[in-house]
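Note sheet for the following structure.
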Amino acid sequence: KFQNLRLVEPLRDIERRTCENHKWPLELFCCADGSCICQDCVTEEHRGHAAVPVGEARSRIEKELKEKQTEMVKTVTAAENA
1 KFQNLRLVEP LRDIERRTCE NHKWPLELFC CADGSCICQD CVTEEHRGHA
51 AVPVGEARSR IEKELKEKQT EMVKTVTAAE NA
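Those letters in the sequence shown? Residues 1 to 82, by the UniProt record's numbering.
So, in structure tokens, the structure goes:
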């Protein structure tokens, strides 16, 4: 599910991240494309795509990753005990 996410250099202050095309802060996350977008992107290039605030997207993705990690640990443990 995360194979299409584009990795970017981490920044300490997400507020400083700006859209290369529109120069607005990247405050939204396009669920369809798995990328951070600005208020203009959501009405242009990403029109019709589901978009959520980046904080909400982060929480969702972290939760999914933790669930996957738990699932993998269970699988490895079961294989080691077999």
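Every residue gets a Cβ at the ideal spot worked out from N, C-alpha and C, and that includes glycine.
Just to confirm, is the Cβ distance from residue i to residue j under 8 Å?
i, j, result
"Ile37", "Ala57", "no"
Quick one: what's got a C-beta closer than 8 Å to residue i's C-beta in the same chain, skipping five residues either side?
i, result
"Ala32", "His46, His49 and Ala50"
Could you pull out every residue in the same chain whose Cβ sits closer than 6 Å to the Cβ of residue i, ignoring the five residues on either side in sequence?
i, result
"Cys30", "Ile37, His46, His49 and Ala51"
"Arg60", "none"
For residue i, which beta-bridge partners are listed by DSSP?
i, result
"Glu30", "One detail in the question is off: residue 30 reads as Cys in this sequence, not Glu. Its beta-bridge partners are Ser35 and Ala51."
"Thr18", "Pro25"
Cα-Cα, which of the options is closest to residue i?
i, options, result
"Leu28", "Asn21, Glu80 and Gly55", "Gly55"
"Thr43", "Gly34, Lys63 and His22", "His22"
Can you find the residues in the same chain that come closer than 7 Å, C-beta to C-beta, to residue i, ignoring five residues on each side of it along the sequence?
i, result
"Pro25", "Glu15, Arg17, Thr18 and Cys38"
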